[in-house]
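Below: the structure, in structure tokens.
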Amino acid sequence: MEISEEEIESYRKAGKIAAEALEYGKGLIKSGAKLLDVSEKIEKKIEDLGGKPAFPAQISCDSIAAHYCAEPDDETVFDKQVCSLDIGVHVNGFIGDNACTVDLSGAYSDLVKASEEALKEALKIVQIGVTAGELGKIIQETISSFGFSPIKNLTGHGLSRFNIHDKPTIPNFDTGDETKLEKGMVIAIEPFATDGMGMVYEQEQGNIFSLVQKRPVRSMFAREILKEIEKYNGLPFTTRWLAKKMPLAKVGFGLRELLRAEAVRSYPPLKEKKKGIVTQAEKSLIIGDKIEVITRT
Ligand code: MN
Ligand code: MN
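Note that the working numbering has the sequence shown beginning at 1, numbered continuously upward.
Written as structure tokens, this is what we have:
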């Protein structure tokens, strides 16, 4: 795989901003703070640092593993939740994706450590030629050593221009996948640990979407939204962003039509099947003769 020096520079910039925004956001998640305010502040920080959100700020609490994004009128106030903060930034389409967990309860430090250590152990063995299955195996073993389970149906992934979930898939357990990491790949490794059963399911309602394909739609609202979301180049966006441009009722109506027409797809919140608490850790890296973690400050 080929990756140019110019592309690497964009990845580095995106990664650095993503890591800075993550650190900033981590400091804002405190009992009494509003999830909506924290999300908006993080997204503003990304823009201030010269990047763009690769997806809306996601703060998934307790049994929600991923894909919880503030509603336009979100009333969630942080109290004693276990919060997974997941931040993605792009620069010219090149993405840095990273995540951490903030435990406001004080009761889940081992569970937080389990996903962090799993990521550290995976980073120790990652190199050209290592297989996806080997990475999954070490993640699983590390999380199990803490007495917890990895979430098996959530994975790390490749990154490419304007594409957050490219090949290869990096599993969080030993799948035996023999896909080898190659020079020039950019990947995100993201272990999830839980005291539940280790599986998530999609909840019904979601507010994160991405454009699949432009299709003819009838209503003015849907057409207006299509026009607005073109600028995301297929990257995810959220209802809250659209609600800054048009009335919320219009947004809802238009999005429903776009979903029916399969012009957009949605990413509903992912909840642990046995309501286990979930923690997450994630970093993005470039695979080369030397491994370069791009999401660092
Ligand atoms: Mn990711
Ligand atoms: Mn992420």
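By construction, the Cβ of each residue, glycine as well, lies at the ideal position given by its N, Cα and C atoms.
Keep in mind it's a predicted model, so treat the numbers as computed, not measured.
In this structure, the alpha-carbon of A99 lies about 11 Å from that of S115. Distance from the CA atom of D166 to the CA atom of V186, rounded to whole angstroms, is 9 Å. Counting only unbroken stretches of 4 or more residues, the alpha helix (DSSP H) elements lying wholly within the region 92-158 are 109-125 and 132-145, in sequence order. The three-state secondary structure of D37, taken from DSSP, is helix.
When DSSP reads this structure, H165 sits in no beta bridge, so it has no partner. DSSP assignment within the region 53-82 yields the following whole beta strand (DSSP E) runs of 3 residues or more, N-terminal first: 58-61 and 64-66.
If one requires a minimum length of 4 residues, the alpha helix (DSSP H) runs lying completely within the region 241-280 are 248-260, in chain order.
Selection I125, V126 and S109 evaluated against F146 yields S109 as nearest (Cα-Cα). Non-local C-beta neighbours of G156 in its own chain, meaning closer than 7 Å and more than five positions away in sequence, comprise I170, I187, A188, I189 and E190, ordered along the chain. Residue pairing by DSSP places A193 opposite P150 and T279 in a beta bridge. At a threshold of 8 Å, A188 counts as near ligand 1, since its beta carbon sits closer than that to one of the ligand's heavy atoms.
Distances from the CB of I29 to the heavy atoms of ligand 2 are all 8 Å or more.
Comparing alpha-carbon positions, the option among V217, L135, D79 and E228 lying closest to G32 turns out to be D79.
For the 9 Å CB-CB criterion, Q203 and I17 do not form a contact. Beta-bridge partners assigned by DSSP to G27: none are found. Leaving aside the five residues that flank L135 on each side, the residues in its chain whose CB is nearer than 6 Å to its CB run, in chain order, A122 and I170.
With distances taken between CA atoms, G88 lies nearest to L235 out of L235, N172 and G106. Counted as a single uninterrupted DSSP element, the stretch harbouring L226 is not any beta strand (DSSP E) but the alpha helix (DSSP H) occupying residues M220 to I229.
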